[in-house]
Structures are given as structure tokens and as C-alpha cells.
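Structure first, commentary second.
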DNA sequence: CGGTGCCTTGATTTTCATCAACACCTGTGG
DNA sequence: CCACAGGTGTTGATGAAAATCAAGGCACCG
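What follows is the structure in C-alpha cells.
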């Protein structure tokens with residue numbers, strides 16, 4: 001947990017106290033900035049808390065702001081014309097998101113919801129060009145982030161197209177564990193945000209039922225442990241073998 | 001077909017004659033450039049012909065050049081660790097591709113092969129930063145292209161995750177027809193580059209056999225017509241209904 | 001303590017991959 | 001000119017994977 005002054009629940013309030021520069025110093029997009037520059041950037045930022053399950057921005061709406069995730073996890077959704085929703089990706093703390101302005105878009109291409117309680121900074125989109133012009137490292141890192149997400153999407157497509165459900169679910173668990181995971185006693189990794197079977201189904205293009213069966217089987221076999229809405233990978237090595245079986 | 005001097009088959013030769021400025025004037029990334037600027041850019045470009053099926057660049061290799069597709073269609077592939085290959089997307093004439101430098105990557109994330117005979121310009125990657133710095137419209141359009149591809153990838157993922165094979169194949173045909181299609185007599189659209197059933201299977205995460213069955217059925221029903229390696233959509237409207245059935 | 005959201009398990013059905021066998025087109029080299 | 005080989009496309013039979021349907025249990029919250 002970051003040290004942070006919580007603001008009143010649900011309000012779109014800026015924090016009253018000045019944000020501390022140390023919040024940003026370690027983060028990739030700001031690594032090349034001086035303390036004074038970070039101060040300037042912070043003074044332009046709005047800070048806000050989003051309760052679990054709330055929507056930060058919705059697909060198709062004007063991209064008025066771009067965001068930096070300080071704490072928590074963001075789930076990016078996309079809704080098909082038929083109304084089914086699928087989870088496109090998860091964003092871990094420290095990354096920029098909602099960066100439509102970077103790709104010349106004026107509306108958000110996806111919906112961002114808080115997978116856990118979330119704290120995020122945001123800036124008006126018109127500042128994007130200022131930021132990239134003034135701080136070269138910022139634009140570069142933003143591009144890197146986009147490149148990385150492109151790579152993830154390619155990998156997801158390859159997964160969906162070639163692997164079976166069992167492998168996809170295992171891979172999804174491993175990815176969540178790797179991204180937002182806490183070590184537990186005994187070499188296991190606990191996923192840091194709440195996940196339901198339905199969520200996993202939405203990630204893997206599967207169903208609630210199938211995911212439930214797989215998790216039950218894996219729990220029997222000692223690969224995972226799950227409580228209501230929480231999953232821990234107790235044997236990452238063996239689960240990895242399920243996700244991508246050795247070619248032999 | 002563009003008016004163009006063909007170079008000797010298979011050689012990595014630059015064309016001897018100067019390239020004409022009109023080649024680029026209509027294309028999005030160059031639209032804001034003056035004739036003199038386009039001249040300067042062209043003089044730095046290498047032009048080359050790639051025979052059908054040849055590889056322009058391969059995934060994982062150093063991204064030494066970036067490309068502009070003048071004529072033909074590029075198929076972007078990705079190979080899974082298990083060795084299966086899937087078609088990630090198609091790129092139509094007029095677009096930039098291999099733009100790893102734009103996202104701060106030093107190796108190509110995917111493999112580009114010529115789906116039909118292809119003519120492309122290319123520049124060394126180190127010129128990327130020059131181009132974007134000197135010609136603001138160029139960088140912006142490149143970002144737009146990336147944004148658009150992100151959108152396509154999202155859509156592909158949603159498709160793979162929620163639709164059945166029949167709908168995916170229909171959607172793939174529609175997309176190819178829309179992107180690189182020639183009107184035929186009678187309201188039909190012919191896909192402009194050679195496609196095999198296996199190609200379509202690789203796009204949709206399906207199999208040769210299933211695709212063959214679907215195409216046979218659609219041909220019976222008068223939705224498509226196919227010769228060896230060539231497919232025409234004869235009834236786009238009805239095929240669209242197969243791709244995304246009305247919610248009712 | 002009742003209700004809602006989350007999870008489980010079994011039975012049944014659908015979809016689609018897999019396997020097998022063959023027909024066809026196209027270019028090549030005798 | 002013909003034979004043939006390799007890439008391409010078809011079709012049927014079979015089986016496995018996973019969705020769907022049905023019914024109920026369990027945790028958490030007011």
C-alpha cells in the first residue's frame with residue numbers, strides 16, 4: 001500500500017494536501033524528470049479514489065483525461081455488439097492508462113473498471129502534447145507501454161486461436177499472479193485483486209462452469225487454493241506446465 | 001496497379017530511376033508534406049519488390065528498417081512457442097508497417113510475408129526520429145495507424161472469445177473483402193490477394209476442414225464463389241448477417 | 001435470518017477438431 | 001505430350017472438448 005491521504009468515498013475531489021513528489025519518482029514515465037518537473041506535473045494532476053467495481057471511463061466516451069494508476073488494478077473491458085463483455089487486459093499499478101491521446105483517438109477504445117480499490121492521478125488530454133514535447137522520456141515510455149500492450153494482445157490472440165480452454169485458464173492465472181501477485185508463505189503467489197470465476201471466463205472466452213471445474217480439479221491436485229473471490233497459485237511451476245506443456 | 005518500374009526479380013536492388021513524388025502524395029502519412037519534402041524522403045528510400053510468399057522481415061530480428069507498402073498486401077504472422085502460426089492481421093497498400101521504432105522496440109514483434117506480389121519502400125530505423133521530428137504529420141499518422149491496429153486486435157480478441165467458428169470465418173471474409181477488395185459485376189467483392197482455406201483457418205483459429213465445409217455450404221447458398229486460392233463474396237449483405245446475426 | 005451473489009456438480013447436447021481417403025489443378029521434367 | 005509430384009480442396013465418419021441446462025449449497029451483508 002502506498003502512503004496516501006484517502007479522499008471522501010465516491011467524490012470527484014482533488015486531495016487537499018499537496019501530493020508528494022516521491023509518488024512518481026520511481027515510475028518509468030517520470031524517471032528522467034527532475035524533482036521540480038515532477039512537482040510541476042503533480043500540481044496539474046487530479047487525484048481520485050475509485051471503489052472496487054466502479055467505472056473510471058467508458059468505451060466510446062470522449063477521452064477528456066489520461067490517467068496514471070497509483071495503486072490497485074484496472075481491468076479493461078470491451079463489450080461486443082451482442083452485449084457480451086470480455087476482459088481485454090489488466091493494468092498493474094505504476095502504469096499509464098486511458099492514453100487515447102497518444103494514438104490520436106478522441107474517444108476511449110475500451111472501458112476501464114477498478115478491479116480492486118484504486119487510486120489514480122489524471123490530467124486533461126490537452127496536456128498530453130505539452131507533456132510529450134517538454135519531457136522526452138515521458139512520450140517514449142508511453143510508446144513503450146503501447147508497444148508492450150500490442151505484444152500482449154498478439155499473444156492473447158495466439159492463445160485464443162491455438163490453445164484449449166484448460167491451457168488458457170492456467171495461462172491467465174499465471175499472468176495475473178505474475179503481474180499483481182503477493183508472495184505467500186511456501187512459495188505460492190496470491191493474486192492481489194478479487195477475481196470471480198466469471199471474470200476468468202470473460203478473460204479466456206470460456207464459461208463460469210468450465211472455469212469452476214478446472215479450479216476444483218487444480219485445488220484437488222494442490223496447484224491452487226481459492227477462497228471466495230480470491231485465488232492463490234500454490235504451485236506455480238506445475239501450473240506453468242499446464243499452461244504450456246513441454247513440446248516433447 | 002500503380003505505375004512503377006519493376007526491378008529484377010528477387011534482387012535487393014534499389015530502382016535505378018528516381019521514384020516519382022506522386023507515389024506518396026495521396027498517402028496519409030505524407031499528406032501534409034510539401035513536394036520538396038516528399039522528394040527528400042523519397043531520396044532516402046529503398047524500393048523493392050517481394051514475390052508472393054516471401055518474407056519481408058521475421059519476428060525477433062533486429063528492426064533495421066521500417067516500411068511503406070506501395071502495392072499488394074502484407075500478412076502479419078506470429079508463431080507460437082509450439083510452432084503453430086496464426087495470422088494476426090492484414091495490411092493494405094498505402095500503410096506503414098514494420099514500425100517497431102515507433103513503439104521503442106528494437107526487434108520486430110511479428111513476421112511480415114507478402115500475401116501477394118508486393119512493392120514496398122523502406123528506410124533505416126535511425127531515420128524514424130528524424131522523420132517524426134521534422135514532419136509532425138508523419139508521427140501523428142503513424143500513431144493513428146497503431147491506434148487503429150490496437151482497435152482491430154481488440155476486436156479480433158472479442159471475436160475469438162465470444163463467437164463461433166462460422167461467425168468468425170464469415171467476419172474474416174468480410175474484413176478481407178472490405179480491406180483489399182475489388183468490386184465485381186453484380187455487387188460482389190473479390191478478395192484481391194490469394195487466400196487458401198489454411199490461411200483462413202490460421203486467421204480464425206480453426207481448421208482447414210471446417211473452413212472448407214463452410215465455404216462449400218456458402219457457395220451452395222450463393223453467398224460466395226471460389227476458385228483455387230481466390231474467393232469472391234457474391235452476397236455481402238447476407239454474409240454479414242452470418243458474421244453478426246441480428247440480436248433479435 | 002432472509003436474500004443476493006458466488007460457487008459447485010451432474011447430465012445432456014452441440015460444436016468442431018481429428019483422421020482417413022480421395023479428387024483436382026498447375027507446373028515440371030522427361 | 002504425357003506422367004507425375006506437390007500443393008490445394010472436398011467429404012464422410014468419429015470422438016473429444018466444452019457449452020448449455022438444471023439444481024442446489026455456501027458465504028457474506030444488510
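Residue numbers (this note's numbering), protein chains in the order written: chain A, 1 to 248; chain B, 1 to 248.
Glycine included, every Cβ here is placed at the ideal spot set by N, Cα and C.
According to DSSP, residues forming a beta bridge with residue i
i	result
residue 107 of chain A	A:62
residue 57 of chain B	B:112
residue 90 of chain B	B:75
residue 226 of chain A	A:231
residue 47 of chain A	A:121
residue 97 of chain A	A:67
residue 85 of chain A	A:79
Cut-off 6 Å between Cβ atoms - residues of its own chain near residue i, not counting five sequence neighbours on either side
i	result
residue 94 of chain A	27
residue 42 of chain B	19
residue 220 of chain B	none
residue 81 of chain B	none
residue 10 of chain B	Confidence is the limiting factor: at residue 10 of chain B the pLDDT is only 38, short of 50, which leaves the residue's position unreliable, though a coordinate-based value still follows. For residue 10 of chain B, where only same-chain residues beyond five positions count, there are no Cβ hits under 6 Å.
residue 122 of chain A	46, 65, 67
residue 187 of chain B	none
residue 83 of chain B	none
From the options, residue whose alpha carbon lies closest to that of residue i
i	options	result
residue 34 of chain B	B:67, B:137, B:124	B:137
residue 72 of chain B	B:39, B:112, B:127, B:29	B:112
residue 90 of chain A	A:100, A:98, A:76, A:80	A:76
residue 52 of chain A	A:216, A:220, A:207, A:194	A:194
residue 69 of chain A	A:36, A:180, A:162, A:127	A:180
residue 92 of chain B	B:207, B:236, B:192, B:197	B:192
residue 161 of chain A	B:96, B:147, B:207	B:207
residue 30 of chain A	A:189, A:142, A:186	A:142
residue 177 of chain A	A:132, A:237, A:148	A:237
residue 74 of chain A	A:227, A:84, A:110	A:110
residue 40 of chain A	A:189, A:127, A:84, A:100	A:127
residue 96 of chain B	B:83, B:147, B:61	B:147
residue 190 of chain A	A:25, A:100, A:231	A:231
residue 197 of chain A	A:61, A:129, A:209	A:209
Beta-carbon gap between residue i and residue j smaller than 8 Å
i	j	result
residue 49 of chain B	residue 152 of chain B	no
residue 104 of chain A	residue 144 of chain B	yes
residue 218 of chain B	residue 224 of chain B	yes
residue 166 of chain A	residue 242 of chain A	yes
residue 233 of chain A	residue 204 of chain A	no
residue 67 of chain A	residue 102 of chain A	no
residue 106 of chain A	residue 158 of chain A	no
residue 108 of chain A	residue 59 of chain A	yes
residue 44 of chain A	residue 150 of chain B	no
residue 57 of chain B	residue 98 of chain B	yes
residue 124 of chain B	residue 65 of chain B	yes
residue 54 of chain B	residue 114 of chain B	yes
residue 154 of chain A	residue 78 of chain B	yes
residue 226 of chain B	residue 215 of chain B	yes
residue 202 of chain B	residue 85 of chain B	yes
Close-in-space but distant-in-sequence residues of the same chain around residue i (CB under 8 Å, 5 per side omitted)
i	result
residue 239 of chain A	170, 173, 174, 218, 223, 224, 233
residue 245 of chain B	167
residue 21 of chain B	35, 38, 39, 42
residue 100 of chain B	63, 66, 106, 107, 108, 109, 125
Proximal residues to residue i (C-beta, below 7 Å), its chain only, five neighbours per side dropped
i	result
residue 199 of chain B	87
residue 235 of chain A	222, 223
residue 133 of chain B	none
residue 139 of chain A	132
residue 61 of chain A	107, 108
residue 25 of chain A	38
heavy atom of the ligand ZN below 7 Å from residue i C-beta
i	result
residue 67 of chain A	The ligand ZN is not part of the structure shown, which contains no ligands of any sort.
In chain order, each alpha helix (DSSP H) run of at least 4 residues that lies wholly inside the region 109-194 of chain A = 127-134, 136-162, 165-179
Could you name each continuous alpha helix (DSSP H) segment of 4 residues or more that falls completely within the region 192-219 of chain B, going from the start of the chain to the end?
-> 197-204
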